[in-house]
Ligand SMILES: Nc1ncnc2c1ncn2[C@@H]1O[C@H](COP(=O)(O)OP(=O)(O)OP(=O)(O)O)[C@@H](O)[C@H]1O
Ligand SMILES: [Mg+2]
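Residue numbers (full-length UniProt numbering): 1 to 279.
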């Protein structure tokens with residue numbers, strides 16, 4: 001990489017103002033001989049929506065899965081809520097895992113379970129609560145994500161793509177997490193559905209005080225709901241900052257990404273937080 005590779009364009013912030021929920025340092029992840037993360041650093045602060053971008057196959061999903069403990073790292077530090085993952089006992093790790101919810105890129109829901117059963121999966125795994133209470137909680141989560149009660153007893157195959165995403169989000173919210181991981185939550189949705197989903201995430205972030213780590217290829221989501229953006233290339237975070245800061249960054253990949261035809265059209269057509277005019 002060039003000197004630009006490790007450029008961080010984020011402005012220094014008073015440390016007291018920002019609690020770091022995820023702290024990654026010098027992370028190395030490899031599959032056999034293939035290095036995917038090559039000394040990656042990343043911070044995610046409490047209460048923010050961090051948009052994580054990068055070319056296809058660069059390792060966005062792998063990073064998310066490594067933070068979640070589903071992919072083993074070769075070296076480096078991963079701190080969650082101020083605790084080093086490697087130093088936690090298995091009981092402590094389970095406690096930490098209950099503080100987050102996840103919406104995976106693929107296989108958002110179990111196809112053989114109804115929406116209600118899908119939402120209740122994390123509850124069953126984590127808590128001893130009565131069937132009646134689980135039913136009530138599942139209905140609350142459905143309402144929270146804007147799905148009708150009638151969706152509860154449907155199977156994923158009976159739902160539209162947008163409804164599946166919402167149901168998967170309801171499942172991610174099952175244990176009232178502080179932190180939510182979303183891997184391309186709006187991919188495959190039509191522009192209106194995607195904008196509505198963004199709006200839902202923004203609302204949940206405000207009302208529940210969620211911290212959101214969101215992998216996305218969706219420039220509209222980056223413009224409309226992300227507080228900060230981190231960009232991944234060649235196994236490292238090459239830049240972090242607000243959308244304005246990313247637009248000003250000279251790294252060639254960022255220039256191509258944000259100032260390409262789609263990016264330029266969006267930047268010219270609208271301001272941040274404007275949901276209209278989605279492509
Ligand atoms: N379990 C695995 N075993 C071996 N290689 C893997 C595994 N998971 C991912 N990879 C490889 O790691 C690299 C990064 O994959 P990843 O899925 O993280 O990309 P991505 O940035 O999420 O891409 P996309 O935007 O297409 O979702 C790819 O080269 C992929 O083939
Ligand atoms: Mg991916």
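The beta carbon of each residue, even a glycine, is placed where N, CA and C say it ideally should be.
Local Cβ density within 10 Å of residue 158, reported as buried at 16 or more and exposed below that | Position 158 of the chain shown, counted from the first residue, corresponds to residue 158. Residue 158 is exposed by the Cβ-count criterion.
Closest Cα partner of residue 76 within the set 103, 28 and 254 | Taking the chain shown and counting its residues from 1, the one referred to as residue 76 is at position 76. With respect to the C-alpha of residue 76, the residue from 103, 28 and 254 having the closest C-alpha is 28.
For residue 106, count neighbouring Cβ atoms within 10 angstroms of its own Cβ and tell me buried if that reaches 16, exposed if not.
-> Within the chain shown, residue 106 is the residue found at index 106, counting from 1. Exposed is the call here.
Considering only residues of the region 49 to 110, which uninterrupted alpha helix (DSSP H) runs meet the minimum length of 4 residues and lie entirely inside it, listed in chain order?
-> List check, alpha helix (DSSP H) in window: 60 to 68 and 90 to 97.
By DSSP, does residue 154 sit in helix, in strand, or in coil?
-> Residue numbering aside, residue 154 sits at position 154 when the chain shown is read from its first letter. If DSSP states are grouped into helix, strand and coil, residue 154 belongs with coil.
Beta-carbon separation of residue 59 and residue 36 under 8 Å?
-> Taking the chain shown and counting its residues from 1, the one referred to as residue 59 is at position 59. Taking the chain shown and counting its residues from 1, the one referred to as residue 36 is at position 36. Cβ distance < 8 Å, so residue 59 and residue 36 count as in contact.
Test item: CB-CB of residue 209 and residue 47 under 8 Å | Here residue 209 is taken as the residue at index 209 of the chain shown, counted from 1. Here residue 47 is taken as the residue at index 47 of the chain shown, counted from 1. At the C-beta level, residue 209 and residue 47 come within 8 Å of one another.
Output yes if chain D places a C-beta closer than 8 Å to the C-beta of residue 20; else output no.
-> Although the question refers to chain D, the structure presented lacks it and comprises just one protein chain.
In the DSSP assignment, find the beta strand (DSSP E) that holds residue 229 and state where it starts and stops.
-> Locating residue 229 in the chain shown gives position 229, counting from the first residue. Segment 228 to 233, the beta strand (DSSP E) holding residue 229.
From the DSSP output, read off the bridge partner residues of residue 213.
-> Numbered from 1 along the chain shown, position 213 holds the residue referred to as residue 213. 50 and 181, per the DSSP bridge assignment.
How far does the alpha helix (DSSP H) with residue 188 in it reach, from first residue to last?
-> The residue you call residue 188 lines up with position 188 of the chain shown. Where residue 188 is concerned, there is no enclosing alpha helix (DSSP H), given that its DSSP letter is neither H nor E.
In whole angstroms, what separates the C-alpha of residue 187 from that of residue 108?
-> Stepping through the chain shown from its first residue, residue 187 is reached at position 187. Stepping through the chain shown from its first residue, residue 108 is reached at position 108. Inter-residue distance for residue 187 and residue 108 is about 12 Å (C-alpha atoms, whole angstroms).
Give the straight-line distance between the Cα atoms of residue 163 and residue 203, rounded to the nearest whole angstrom.
-> As a working note, residue 163 is residue 163 in the chain shown. As a working note, residue 203 is residue 203 in the chain shown. In this structure, the straight-line span from the alpha carbon of residue 163 to that of residue 203 is close to 17 Å.
Using 7 Å as the cut-off, classify the Cβ of residue 33 as near or not near the heavy atoms of ligand 1, replying yes or no.
-> Taking the chain shown and counting its residues from 1, the one referred to as residue 33 is at position 33. Because no heavy atom of ligand 1 lies under 7 Å away, the Cβ of residue 33 does not count as near it: no.
Exposed or buried, which one is residue 122 when buried takes at least 16 other CB atoms within 10 Å?
-> Taking the first residue of the chain shown as position 1, residue 122 is located at position 122. Residue 122 is buried by the Cβ-count criterion.
Opening and closing residue of the beta strand (DSSP E) in which residue 41 lies = Taking the first residue of the chain shown as 1, we reach residue 41 at position 41. Element bounds for residue 41: 34 to 45.
Whose beta carbon lies closer than 6 Å to any heavy atom of ligand 1, going through the chain in order?
-> What you get when you keep residues with a C-beta closer than 6 Å to any heavy atom of ligand 1 is 31, 36, 54, 56, 57, 58, 59, 60, 61, 62 and 105.
Tell me, which residues are paired with residue 27 by DSSP?
-> For the purposes of this step, residue 27 is identified with residue 27 of the chain shown, where counting begins at 1. Looking at the DSSP assignment, residue 27 forms a beta bridge with 40.
Beta-carbon spacing of residue 50, residue 231 below 8 Å = Here residue 50 refers to the residue found at position 50 of the chain shown. Here residue 231 refers to the residue found at position 231 of the chain shown. Inclusion of residue 50 and residue 231 in the CB contact set at 8 Å is not warranted, their separation being larger than that value.
Contacting residues, own chain, Cβ-Cβ under 7 Å from residue 144 (five flanking each side not counted) = As a first step, residue 144 must be located in the chain shown, where it is residue number 144. Here the set comprises 170 and 173.
Check the DSSP bridge columns for residue 239 and list the partner residues they point to.
-> The sequence position of residue 239 within the chain shown is 239, counting from 1. Looking at the DSSP assignment, residue 239 forms a beta bridge with 231.
Is any heavy atom of ligand 2 found at a distance shorter than 7 Å from the C-beta of residue 218?
-> Working through the chain shown from its first residue, we reach residue 218 at position 218. Outside the cutoff, so no.
Residue 190: which of 176, 165 and 102 sits nearest, CA to CA?
-> In the chain shown, counting from the first residue as 1, residue 190 sits at position 190. Answer by Cα proximity: 165.
Tell me, please, which residues DSSP counts as bridged to residue 22.
-> To locate residue 22, count along the chain shown from 1; it is residue 22. Beta-bridge pairing links residue 22 to 44 and 80.
My understanding is that residue 248 touches residue 218, with C-beta atoms under 8 Å, so please give their C-beta distance in whole angstroms.
-> Within the chain shown, the letter at position 248 stands for residue 248. Within the chain shown, the letter at position 218 stands for residue 218. Their Cβ separation, rounded to whole angstroms, is 21 Å, which puts residue 248 and residue 218 out of contact at 8 Å.
Kindly indicate which three-state DSSP category residue 259 falls into: helix, strand or coil?
-> The residue given as residue 259 occupies position 259 in the chain shown. Residue state, collapsed to three classes: helix.
Helix, strand or coil: how does DSSP classify residue 160 here?
-> Taking the first residue of the chain shown as 1, we reach residue 160 at position 160. Three-state result, residue 160: coil.
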